[in-house]
Structure formats: structure tokens, C-alpha cells
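Student: Going down the list, the protein sequences come from chains P and C. Take the first sequence: its position 141, counted from the start at 1, is 141 in this note's numbering, and no numbers get skipped. Start counting at 1 in the second sequence, then tack on 1000, and there's your number in this note's numbering. Here a beta-carbon is modelled for each residue, glycine too, at the ideal position from N, C-alpha and C. This is the structure I want to talk about, given as C-alpha cells.
2 protein chains.
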Amino acid sequence: MIFTTKAEYGVRLLVELGRQDGARPVSLKAIAEAEGLPLAYLERIVALLKKAGLVESTRGAHGGYRLTRPPSEIHMDEAVIALEGAVAPMSCFVDDSQDGRVLCSHVADDGHLCATKLLWTRVQGGVHRALAQTTLSELVAFSTSAQTPIEPQRPTLQGAA
Amino acid sequence: MIFTTKAEYGVRLLVELGRQDGARPVSLKAIAEAEGLPLAYLERIVALLKKAGLVESTRGAHGGYRLTRPPSEIHMDEAVIALEGAVAPMSCFVDDSQDGRVLCSHVADDGHLCATKLLWTRVQGGVHRALAQTTLSELVAFSTSAQTPIEPQRPTLQGAA
DNA sequence: GGCTTCTCCGACCTCCGTAGTAGGATTAGG
DNA sequence: CCTAATCCTACTACGGAGGTCGGAGAAGCC
């Protein structure tokens, strides 16, 4: 169960942008060198972020990329979904949660539902919650060696088991 | 971000075993036919569950597999870890959480930490929590068309955002 | 004892997505 | 007009997912 490097590189790219003040655009080349990532590949990744409206670009000399919003308003669920596509733990997992019914593609041969659907739904909820609770500004602060706590800011009931 | 079919098939296998009373072992062939899964592939998957001590086997005629514990005592984190290996959202993600330090393989070229580590740690926590809160007995109940709520039994503070 | 029915085990295969490259077209400063 | 940058499409290599095959042990049953 892993994300791909698209998510990894894309998030690092966003952090790199978030570290800047945003006055001037930052070129991909600078980011690629700072993070040690392949430039040509980053181009494809940043295109996903642009399509999602998270960054904007300026072409030509002294051009580059800039965040469209302050880092504190960028939640990572948006970013990761833009980079990875829908976050679903299983391929048969279409998001039909809005109508309350839980169905699967291989529905019910002999009268019983696909048991894993319940599990994957909960997992997806957990992932989505973790992503949504994390903002880009937190990652920026964390990366600049500040001691951001791993646990998100919201108090949780359960003792971590 | 998906699990593989190992997790899918393995969980369905466990549910199929949990649906039985556990008095007699169930053959893989019966499970494969009931779930419509390839028998030869299931063999490899159930071996993972056996190695993890979740099922036990009886060889020979009328043999098969059986749960080693009642379904209510089988939490899905154990099962999924047995099936998928460690649940880490990124390949560079080694679990060094016990010593509190958060480090990554590509540590810090120019003085700042790997920003994504914070994010993946939270995601992993969310996944792990969702898995640990779900027991096999819940999945069994769910699959037999009972209306198990998607949200786990624990009351949660946050409104689902 | 010899079937049959199972678990077990390792080697093998195929396909597809990930990760990355190559090469260019377009846009904008200086 | 040259250079620095984004943009865009096609191409490639590699590894793992997903599955198959053939056979070797184990245990019940006649």
C-alpha cells in the first residue's frame, strides 16, 4: 500500500514553493536542483498541480511556478488527489458514498455483499482525514526543522494503539 | 494509492472462514468457488495468513483451513500487514517511530528535513487506526447483509469533513 | 494398499503502470 | 534574436502484480 513518487515529488515541490514568499515565481530547475529530482519528470508532475489550480505558472525567462493560495489554506487531500488521482484503496472501489448505499462491482453472487467494502471505506476515510487535517504550512514548518508534532492539532480520544 | 489483491482476496478468505462456525476446516477449493477466486493464487495468499498465525491448516482429505481465534478477536491491521507486508505509504518509509525521531532516507541535503515524512506518518496512522478498529466479526456481519454502519463503533469528535 | 482429496512449495510467465528520457514547440525578457 | 523558462507528446525500461503449472507430502476412506 504505497503512494507513488508523484505524490512524494509533488508534495516536496509544493513545500519548496511554500518556503518562498511567493512574490516571484520559482523555476522548476531551481526546485529540481534543491530537491535532487529529475527536471523532466517534475514538469509532468507540476502540470497535475496546475490543472488542479494549486499552482500557477509564468512562462518565459524568469518565469516559474507560484502557489495560488497561502500555504495555510492548502490542505493536502487536495494536493494528493490532484497528484495521485482518487485516493481509493482498491481498484473496484468507486465512490458512491453520497447515496449511503455501499455496493461493489462484484456485488453479490449468492446473497452476501462484498465484505471488504466496509474495510476499505474506513481505510479511505482514515487516509482522507489524515490528508485533510494537514496543511502545506505545517509541512513547510516541519521541513525547516521546527518540531511540529506528528499528531495533528485536533485532540483525539483514543490512545494510540 | 491502492492495496493489492492480496489484501482483497485474503480478507475475503478470512470472512469466508469467519462465516463458518469453525468446527470443521474449510477447503480452499470451496472458498475459491464461493468467492470466484483462482485457487492456485489463493494458496499463496493463505500461506501468508498461516505464517502470521491467523489461520491453521489440516492436511489431507477433508482438510482445509480454520481460524485460530474467534472473529471478534481478529483485528484487520494484523491481517492486512500479514498480507501486504508493512503498511507504509512510501517506499522510503521505514518505521522508526519508536524512538520519536523522524528521519528519512534522503535526510537533509541543505539543512531541512524531508517534508513529506510528517504527512506520510499521519496517513499511516490513519490507515492503521482504521484497520485496527475493524474486526473480522464486523466484516462477517456486514457481508451477511446486516446493516453495519460504515463509521466504526467508537464515537468520533470530528464531523466528517 | 491404493485411491482421492487436500495442503504445500517453487518455478515460471505475462502484462501494465511507474519512473524516467528525448526532443521539440511555445512564450517572454534583455 | 538569443536565452530561459514553461509546455507537450512520444518513447522506453524495469519491476512487481497477478496468475499458472506441475509436482511432492499428508491424511482420510474403501
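1. Helix, strand or coil: which one does DSSP assign to Leu1162(C)?
2. Given this structure, state the Cα-to-Cα distance separating Leu39(P) from Val1140(C), to the nearest angstrom.
3. Check whether the Cβ atoms of Leu1017(C) and Val1055(C) sit closer than 8 angstroms, and answer yes or no.
4. Less than 8 angstroms between the C-beta atoms of Thr116(P) and Val1011(C), yes or no?
5. Of all Cβ atoms in chain P, is any one closer than 8 angstroms to the Cβ of Glu1008(C)?
6. Restricting to Cα atoms, I'd like to know which of Tyr9(P), Gln133(P), Ser57(P) and Ala34(P) is closest to Ala23(P).
7. Using a Cβ-Cβ cut-off of 8 angstroms (strictly less than) and excluding sequence neighbours within five positions of Val15(P), which residues of its own chain qualify?
8. Which partner residues does Val1055(C) have in the DSSP bridge list?
9. Any idea if Leu1103(C) is buried or exposed, counting beta-carbon neighbours within 10 angstroms, 16 or more meaning buried?
10. Grouping DSSP H, G and I as helix and E and B as strand, with all else coil, what is Ile1002(C)?
11. Bridge partners for His75(P) per DSSP, in chain order?
12. Which residue comes first and which comes last in the alpha helix (DSSP H) that contains Leu28(P)?
13. Measure from the C-beta of Val1011(C) to each C-beta in chain P and report whether the shortest distance is under 8 angstroms.
14. Please state whether DSSP places Arg19(P) in a helix, a strand or coil.
15. Indicate whether at least one CB of chain P lies closer than 8 angstroms to the CB of Pro1089(C).
16. Below 8 angstroms, how does it come out for the region 122-129 of chain P and the region 57-75 of chain P: are there three or more Cβ pairs, yes or no?
17. Is the Cβ of Gly126(P) closer than 8 angstroms to any Cβ of chain C?
18. List, in order along the chain, the chain C residues whose C-beta lies closer than 9 angstroms to that of Thr134(P)?
19. Short of 7 angstroms Cβ to Cβ, which residues in the region 73-89 of chain P face chain C?
20. So which of Arg19(P), Leu49(P) and Ala47(P) has the shortest CA-CA distance to Glu35(P)?
21. If you measure from the beta carbon of Glu33(P) to each beta carbon in chain C, is any gap under 8 angstroms?
22. Going along the chain, which residues of its own chain have a beta-carbon closer than 6 angstroms to the beta-carbon of His75(P), five neighbours each way excluded?
23. Give a yes or no on whether 8 angstroms exceeds the smallest Cβ distance from Glu1138(C) to chain P.
24. Residues of chain P with CB closer than 9 angstroms to the CB of Val1046(C), please, in chain order.
25. Put His128(P) into one of helix, strand or coil per three-state DSSP.
26. Which residue's Cα is closest to the Cα of Leu1042(C): Ile1002(C), Pro1089(C) and Ala1007(C)?
27. For chain C, check one thing: does any of its Cβ atoms lie closer than 8 angstroms to the Cβ of Ala52(P)?
28. Under the rule that 16 or more other beta-carbon atoms within 10 Å means buried, what is Pro171(P), buried or exposed?
29. Would you call the CB atoms of Glu1084(C) and Met1(P) closer than 8 angstroms?
Tutor: On the basis of the data shown:
1. What the structure shows of chain C is the stretch from 1001 to 1161, and residue 1162(C) is not part of that stretch, so it cannot be assessed.
2. Counted from its first residue, the first sequence places residue 39(P) at position 39. Counted from its first residue, the second sequence places residue 1140(C) at position 140. Those two C-alpha atoms are separated by around 49 angstroms.
3. Taking the first residue of the second sequence as 1, we reach residue 1017(C) at position 17. Taking the first residue of the second sequence as 1, we reach residue 1055(C) at position 55. Going by C-beta atoms, Leu1017(C) is nearer than 8 angstroms to Val1055(C).
4. Your numbering for residue 116(P) matches position 116 in the first sequence. Your numbering for residue 1011(C) matches position 11 in the second sequence. Yes, they are a contact pair.
5. Taking the first residue of the second sequence as position 1, residue 1008(C) is located at position 8. Closer than 8 angstroms to some Cβ of chain P, the Cβ of Glu1008(C) qualifies, so yes.
6. As a first step, residue 23(P) must be located in the first sequence, where it is residue number 23. Proximity to Ala23(P) across Tyr9(P), Gln133(P), Ser57(P) and Ala34(P) peaks at Ser57(P), based on C-alpha coordinates.
7. Position 15 of the first sequence, counted from the start, is the residue given in the question as residue 15(P). Around Val15(P): Leu136, Leu139, Val140 and Ser143.
8. Residue mapping note: residue 1055(C) aligns to position 55 of the second sequence, counting from 1. Checking the DSSP bridge columns, you'll see Val1055(C) partnered with Leu1067(C).
9. Taking the second sequence and counting its residues from 1, the one referred to as residue 1103(C) is at position 103. Confidence is the limiting factor: at Leu1103(C) the pLDDT is only 44, short of 50, which leaves the residue's position unreliable, though a coordinate-based value still follows. That one is exposed.
10. In the second sequence, the residue the question calls residue 1002(C) occupies position 2. Reduced to three states, the DSSP call for Ile1002(C) is strand.
11. The sequence position of residue 75(P) within the first sequence is 75, counting from 1. Looking at the DSSP assignment, His75(P) forms a beta bridge with Thr135(P).
12. Locating residue 28(P) in the first sequence gives position 28, counting from the first residue. First-last of the alpha helix (DSSP H) with Leu28(P): Leu28 to Glu35.
13. If you number the second sequence from 1, residue 1011(C) lands on position 11. Output row for Val1011(C): interface = yes.
14. Residue 19(P) sits at position 19 when you count from the first residue of the first sequence. Three-state result, Arg19(P): helix.
15. Within the second sequence, the letter at position 89 stands for residue 1089(C). Cβ-Cβ to chain P under 8 angstroms: yes for Pro1089(C).
16. no
17. Position 126 of the first sequence holds residue 126(P). Yes, because at least one Cβ of chain C sits closer than 8 angstroms to the Cβ of Gly126(P).
18. Your numbering for residue 134(P) matches position 134 in the first sequence. Here the neighbours are Leu1118, Leu1119, Arg1122 and Val1123.
19. Those residues of the region 73-89 of chain P placed with their C-beta closer than 7 angstroms to a C-beta in chain C are Met76, Glu84, Val87, Ala88 and Pro89, ordered along the chain.
20. Counting from 1 along the first sequence, the entry for residue 35(P) is found at position 35. Answer by Cα proximity: Arg19(P).
21. Working through the first sequence from its first residue, we reach residue 33(P) at position 33. No, no contact with chain C.
22. Start at 1 with the first residue of the first sequence, and residue 75(P) comes out as number 75. Contacts found: Ala132 and Thr135.
23. Translated into positions along the second sequence, residue 1138(C) becomes position 138. Yes, contact with chain P.
24. In the second sequence, the residue the question calls residue 1046(C) occupies position 46. Those within 9 angstroms of Val1046(C) in chain P number zero; the least Cβ separation is about 16 angstroms.
25. Translated into the one-based positions of the first sequence, residue 128(P) becomes position 128. His128(P) falls in the helix class under three-state DSSP.
26. In the second sequence, residue 1042(C) corresponds to position 42, counting from 1. Measuring from the Cα of Leu1042(C), the nearest candidate turns out to be Ala1007(C).
27. Numbered from 1 along the first sequence, position 52 holds the residue referred to as residue 52(P). No, Ala52(P) lies away from the interface with chain C (no Cβ there is under 8 angstroms from its Cβ).
28. Any answer about residue 171(P) is impossible in this case: the structure gives chain P only from 1 up to 161.
29. The sequence position of residue 1084(C) within the second sequence is 84, counting from 1. The sequence position of residue 1(P) within the first sequence is 1, counting from 1. In contact: Glu1084(C) and Met1(P) (Cβ atoms closer than 8 angstroms).
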